[in-house]
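Just so you know, the protein sequences line up as chains C and D, in that order. Numbering-wise, the first sequence is residues 2 to 215 according to the numbering used here. Numbering-wise, the second sequence is residues 2 to 215 according to the numbering used here. Step one of this worksheet: look at the structure below.
2 protein chains.
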Amino acid sequence: MLSIETLKKIGIFHNLNERELKLLLSISRTRNFEQGKVLFYEKDKAKYLTLVLTGVVKIYKVDPKNNEIILHRFIPNHFVAEMAVFEKLPYPASAAFETDGSVLEIDFEKFKEYFFSNPEITLELFKSLTQKIKYLDNVIALTVVLDSTARVAKYICENSEALSMKHNKLAQYLHITPETLSRIFKKFSKLGFVAKNAGTYTILDKESLEILFE
Amino acid sequence: MLSIETLKKIGIFHNLNERELKLLLSISRTRNFEQGKVLFYEKDKAKYLTLVLTGVVKIYKVDPKNNEIILHRFIPNHFVAEMAVFEKLPYPASAAFETDGSVLEIDFEKFKEYFFSNPEITLELFKSLTQKIKYLDNVIALTVVLDSTARVAKYICENSEALSMKHNKLAQYLHITPETLSRIFKKFSKLGFVAKNAGTYTILDKESLEILFE
DNA sequence: AAATAACATTGATATATGTCAATAATGAGA
DNA sequence: TCTCATTATTGACATATATCAATGTTATTT
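Here it is in structure tokens:
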């Protein structure tokens with residue numbers, strides 16, 4: 002059951018007092034999702050201010066060939082698509098759970114009424130919005146600006162978890178096919194930039210990799 | 002010379018009273034730019050909260066082949082890259098004037114101090130941030146999700162000025178070469194979706210074009 | 001109006017990456 | 001440990017779009 006204790010643990014609401022937390026509780030509810038379930042579809046009308054409580058939510062668009070283009074993965078305590086809620090716009094992308102999980106749904110009109118004059122809350126919302134801009138900028142920097150090779154180089158240099166990911170997930174994230182990813186890793190191996198030990202790659206020459214995308 | 006009258010005309014500052022406008026004036030200055038001049042480069046440190054007063058500013062990234070990838074064009078009375086200023090981050094892209102023009106530069110720390118508690122200002126800043134998210138989403142929807150043909154179809158359907166633009170500008174905006182654009186227009190002509198009269202194209206069959214990107 | 005520059009079109013070719021199919025490697029359940 | 005399913009690699013080929021070069025068209029300057 003949703004409780005004040007739960008709300009208190011959410012970073013964004015850290016500075017709310019008991020009274021405010023109660024108020025927030027009264028305009029919120031939780032919803033649980035199984036792995037793979039869709040939170041919302043692109044073009045749906047945004048109804049609630051939504052925050053991930055548990056699990057991982059992927060935000061994605063679908064291209065005309067039915068490929069999923071993943072824009073971002075959200076972990077707990079982040080707002081999802083608050084822009085659409087603020088602007089009363091249809092969602093610009095779809096969202097689905099990659100694991101079992103849950104979200105907090107807040108009645109936005111009431112939230113606005115009660116909390117928009119609170120500078121600590123608005124500051125948190127600012128941060129959340131600027132964070133979204135950074136995510137989108139990253140997608141563009143990665144996908145629009147760089148070619149596949151540079152993209153792989155950048156991603157494995159800047160994301161420590163990249164090398165332990167399954168290659169087909171990594172490929173999907175980088176918007177390339179697993180075949181292309183495999184060929185790029187092979188090329189990096191031949192150049193001595195990475196090495197394969199027992200199935201996983203390790204970076205040998207980070208500086209050379211960085212040259213590829215800078 | 003920068004005056005209260007100038008500031009008053011800027012939509013974002015509509016609700017400020019005389020005292021506040023004076024305060025704003027005291028922490029602001031204008032800077033003039035000739036066509037082609039650079040306002041800032043990607044990775045520069047953001048110093049001032051910047052707003053376009055006159056002219057058109059393009060925001061762009063440069064890819065490894067030195068192609069400019071245009072993310073957006075700003076017209077007067079819009080904040081440029083406020084996210085970088087808020088977050089004290091280097092600019093995520095470069096900005097240059099496409100026409101002669103000018104900007105307002107506001108001392109951000111003081112602006113924050115004086116105006117962040119003003120709900121009308123914060124609301125305007127929210128709007129400005131969500132607008133930026135929409136622009137970036139649009140770049141992704143256009144460039145990452147769609148192929149060249151769909152991109153052209155979408156752009157000429159949704160931007161009335163597209164057909165009167167010079168084709169090499171349009172091509173640059175759509176991140177394709179003028180040659181590819183020319184071939185796509187030829188294809189649309191053959192299909193009877195557009196027609197060429199005296200040098201410029203007109204849309205004959207918008208519904209068919211829409212099918213291409215929906 | 002002629003000359004020149006800027007822009008647009010067309011064809012031939014190159015390139016990056018995707019697609020499909022076959023095979024190899026790895027991991028999980030019996 | 002063996003077997004089956006999943007994931008990764010490889011090769012052959014297809015495709016979209018870029019590149020380069022030639023030519024045609026339009027706009028601007030003198």
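Built from N, CA and C at the ideal position, the CB exists for glycine as well. In this text, all values refer to a predicted model and were calculated from it rather than measured experimentally.
Answer yes or no: the CB of residue 15/C versus the heavy atoms of the ligand PLP, is any distance below 7 Å?
The model on display carries no ligand, and the ligand PLP is accordingly not part of it.
Same chain, Cβ closer than 6 Å to residue 151/C, five either side skipped, listed in chain order
213 and 214, listed in sequence order.
Would residue 146/D and residue 197/C be called neighbours here (beta carbons separated by less than 8 Å)?
Not in contact: residue 146/D and residue 197/C (Cβ atoms no closer than 8 Å).
Under three-state DSSP, which class holds residue 179/C?
The answer is helix: DSSP assigns residue 179/C an H, G or I state.
So the candidates are 74/D, 91/D and 189/D; which of them puts its Cα closest to the Cα of residue 132/D?
Closest in C-alpha terms to residue 132/D, from the list 74/D, 91/D and 189/D, comes 74/D.
Taking residue 67/C as the reference, which of 199/C, 188/C, 187/C and 176/C has the closest Cα?
Checked all of 199/C, 188/C, 187/C and 176/C; the closest Cα to residue 67/C is 176/C.
Using a Cβ-Cβ cutoff of less than 7 Å, which residues in the same chain neighbour residue 125/D once the five nearest sequence positions on both sides are dropped?
So the qualifying residues of the chain are 13.
Identity of the residues DSSP links to residue 141/C by a beta bridge:
Per DSSP, none; premise fails for residue 141/C.
Check whether chain C comes within 8 Å of residue 116/D, counting only Cβ atoms and requiring the distance to be less than that.
Contact of residue 116/D with chain C is not assigned, every C-beta pair being separated by 8 Å or more.
Are the beta-carbon atoms of residue 44/D and residue 91/D separated by less than 8 Å?
Yes, they are a contact pair.
Mind listing, in chain order, the continuous alpha helix (DSSP H) runs of no fewer than 4 residues lying wholly within the region 88–156 of chain D?
DSSP runs (the alpha helix (DSSP H)) wholly in the region 88–156 of chain D: 109–116 and 120–140.
Contact with chain C by residue 11/D, beta-carbon distance below 8 Å:
Interface criterion not met: the Cβ of residue 11/D is under 8 Å from no Cβ in chain C.
Nearest-angstrom Cβ-Cβ length linking residue 11/C and residue 26/C, presumed shorter than 8 Å
That belief does not hold up - the Cβ atoms of residue 11/C and residue 26/C are roughly 12 Å apart, past 8 Å.
Do residue 168/C and residue 149/C have their CB atoms nearer than 8 Å?
For residue 168/C and residue 149/C, no; Cβs fall outside 8 Å.
Excluding the 5 residues preceding and the 5 following residue 140/C in the sequence, name in chain order all residues of the same chain whose CB lies nearer than 6 Å to its CB.
Sequence-distant Cβ neighbours of residue 140/C in its own chain, meaning closer than 6 Å and more than five residues away, are 72.
Below-8 Å beta-carbon distance, residue 88/D vs any chain C residue:
So, interface residue.
Among 122/C, 114/C and 54/C, the one whose alpha carbon lies nearest that of residue 117/D:
Of the listed residues, the one whose Cα sits closest to residue 117/D is 122/C.
Have a look at residue 1/C and residue 3/C and give me their C-alpha separation to the nearest angstrom.
The structure shown has nothing for residue 1/C, since chain C only spans 2 to 215.
Taking Cβ to Cβ, would you say residue 104/C is nearer than 8 Å to residue 39/C?
Result no, Cβ atoms of residue 104/C and residue 39/C do not sit closer than 8 Å.
Can you have a look at residue 95/C and say buried or exposed, based on whether 16 or more other CB atoms are within 10 angstroms of its CB?
Burial call: buried.
Residues in the region 46–64 of chain D with C-beta within 9 Å of chain C's C-beta atoms, listed in sequence order?
Correct list: 62, 63 and 64.
CB contact check: residue 107/D to chain C, cutoff 8 Å:
No, no contact with chain C.
Do residue 36/D and residue 114/D have their beta-carbon atoms positioned less than 8 Å apart in this structure?
Their beta carbons are not under 8 Å apart, which means residue 114/D does not touch residue 36/D by this criterion.
According to DSSP, simplified to helix, strand and coil, what is residue 73/D?
Strand.
Counting only beta-carbon separations shorter than 8 Å, does residue 127/C have a partner in chain D?
Chain D, which has a Cβ nearer than 8 Å to the Cβ of residue 127/C, makes this yes.
Let's see if you can read the secondary structure: which residues bound the beta strand (DSSP E) around residue 46/D?
Segment: none, residue 46/D is in no beta strand (DSSP E) and carries neither H nor E.
Residue-chain proximity (residue 201/D, chain C), Cβ-Cβ < 8 Å:
The beta carbon of residue 201/D does not come within 8 Å of any beta carbon belonging to chain C, so the residue lies off that interface.
Can you tell me whether residue 192/C is buried or exposed? The criterion is at least 16 other CB atoms within 10 Å of its CB, across all chains shown.
Per the 10 Å Cβ criterion, exposed.
Does the beta carbon of residue 131/C come closer than 8 Å to any beta carbon on chain D?
So yes, residue 131/C belongs to the interface.
In terms of residue numbering, what span does the beta strand (DSSP E) encompassing residue 29/C cover?
Taken as a continuous stretch (DSSP letters only), the beta strand (DSSP E) holding residue 29/C covers 29–34.
Checking contacts by CB at 8 Å: is residue 100/D closer than that to chain C?
With 8 Å as the cut-off, residue 100/D does not count as an interface residue toward chain C.
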